[in-house]
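Numbering-wise, the working numbering puts 270 at position 208 of the sequence shown, and it's gapless, one number per residue. For every residue, glycine included, the Cβ atom is placed at its ideal position computed from N, Cα and C. The structure appears right after this line, and notes come after that.
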Amino acid sequence: MTMGKRVLVVGGGMGIGEHITNFLLQQHHAKVVIFSLYVTEELQKSISTSSQVRIVQGDATSEDDRAKAMEAVHSFLGGLDSLICTVGIMGQVQRVAQMSPESIVRTYSVNVFAPMLLCQLFLPDLRQSRGNIIILSSAVDRNIKYAGWMQYCSTKAALTRFIEVLGHEESDVKVLGVYPGLTRTTMIDDMVARKYAGIMRDDEVQKFVDWDRDQGMEPPEWCANSVAKMSMGEVEVSINGVCQYYYEYDPDFKVVAGTSKL
63 MTMGKRVLVV GGGMGIGEHI TNFLLQQHHA KVVIFSLYVT EELQKSISTS SQVRIVQGDA
123 TSEDDRAKAM EAVHSFLGGL DSLICTVGIM GQVQRVAQMS PESIVRTYSV NVFAPMLLCQ
183 LFLPDLRQSR GNIIILSSAV DRNIKYAGWM QYCSTKAALT RFIEVLGHEE SDVKVLGVYP
243 GLTRTTMIDD MVARKYAGIM RDDEVQKFVD WDRDQGMEPP EWCANSVAKM SMGEVEVSIN
303 GVCQYYYEYD PDFKVVAGTS KL
């Protein structure tokens, strides 16, 4: 088992990021800085007595908050082996003609500019450690599209291209994009409840209703487990600057630390 890897998890306080944090701490014994705007009460309680982790509660789009995260990485971790970026928002679900300009700027700030600037900020540390960057993108970046999803689809397209170019540039840092599966979130609950009927097409809304009925949602632990293993170097990846589904990188995505199964 890999011991003592130093990891920054951006967005590691909730959602898939929270599960990644838990796997890193409990299964891989990593030292972790969580940089997240929100941190669930459950996670705060579970790590309250841990010496392995520090929380920086802040906004990834804020230069001041990013500086606080960097200070924690240097003072608490003493360097960085892995940057995991899970931060992202759906943005406004609306047809382009009715879309708020402010919401477009906000969605690009969170989904594109924040990951870009964080990677730029920590590249010197990661080059020194010959570490890795793992960024959660989405398969809506290329071929999947829904009416009303312009902000989400276009920001994920930009993010994926950033991952590809950064990986092309960097020879000493592994840069990988990960597509989660269809995971239960508040956003998905809204789709199933037909909140966006009249914005999304009827057949598009029905897809989510059918997925919910047929139990087509995946548990977040599957993707989180794979990402944690990838960050520790426990999944062999020879390519750089690509985006794939987590199970394409890690066919054993249900195997936890080589012992038990999810």
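Nearest candidate by alpha-carbon position, reference residue i, set the options
{"i": "Asp252", "options": "Gly243, Val267, Arg263 and Asp234", "result": "Val267"}
{"i": "Glu231", "options": "Phe175, Ile301, Glu310 and Thr102", "result": "Ile301"}
{"i": "Lys67", "options": "Met132, Ile109, Gly140 and Gly153", "result": "Gly140"}
{"i": "Ser191", "options": "Val69, Asp314 and Phe315", "result": "Val69"}
{"i": "Met161", "options": "Leu142, Asp126, Glu133 and Gly210", "result": "Gly210"}
{"i": "Cys215", "options": "Gly193, Arg246 and Val158", "result": "Val158"}
{"i": "Arg116", "options": "Lys93, Ala286, Lys236 and Gly153", "result": "Lys93"}
{"i": "Leu86", "options": "Ile261, Asp187 and Ala290", "result": "Ala290"}
{"i": "Lys236", "options": "Val71, Ser293, Met178 and Tyr100", "result": "Ser293"}
{"i": "Ser171", "options": "His136, Lys257, Ser124 and Ser137", "result": "Ser124"}
{"i": "Tyr307", "options": "Ile82, Val167 and Trp284", "result": "Trp284"}
{"i": "Ala134", "options": "Gln114, Gly153 and Met152", "result": "Gln114"}
{"i": "Lys107", "options": "Asn84, Gly79 and His90", "result": "Asn84"}
{"i": "Arg246", "options": "Gly73, Val71 and Ile78", "result": "Ile78"}
{"i": "Val118", "options": "Met152, Asp312, Val71 and Thr111", "result": "Val71"}
{"i": "Ser233", "options": "Arg189, Thr248 and Gly260", "result": "Arg189"}
Paired residues, beta bridge with residue i - DSSP
{"i": "Phe97", "result": "Val72 and Val118"}
{"i": "Cys147", "result": "Val72 and Ile197"}
{"i": "Val174", "result": "Answer is none; Val174 lacks a bridge partner."}
{"i": "Ala219", "result": "Ala219 is not bridged to any residue."}
{"i": "Ala259", "result": "Met262"}
For residue j and residue i, believed in contact at Cβ under 8 Å, the rounded distance
{"i": "Lys207", "j": "Asn173", "result": "In fact, because the Cβ distance is near 16 Å, the residues do not count as touching under 8 Å."}
{"i": "Cys305", "j": "Thr222", "result": "5 Å"}
{"i": "Ala122", "j": "Val149", "result": "5 Å"}
{"i": "Ser98", "j": "Met76", "result": "7 Å"}
{"i": "Ser144", "j": "Ile196", "result": "7 Å"}
{"i": "Phe315", "j": "Asn287", "result": "6 Å"}
{"i": "Asp187", "j": "Leu142", "result": "4 Å"}
{"i": "Val254", "j": "Asp274", "result": "5 Å"}
{"i": "Gln213", "j": "Ser165", "result": "7 Å"}
beta-carbon residue i near the ligand PLP non-hydrogen atom, thresh 7 Å
{"i": "Arg68", "result": "This structure lacks the ligand PLP, and indeed carries no ligand of any kind."}
May I have a chain-ordered list of the beta strand (DSSP E) segments no shorter than 3 residues that lie completely inside the stretch 262-307? 304-307
Counting Cβ pairs, one atom from each stretch, are 3 or more of them under 8 Å apart for the stretch 173-191 and the stretch 276-288? no
Uninterrupted alpha helix (DSSP H) stretches inside the stretch 229-255 (no shorter than 4 residues): 248-254
Any contact of the stretch 236-243 with the stretch 191-206, i.e. 3+ C-beta pairs under 8 Å? yes
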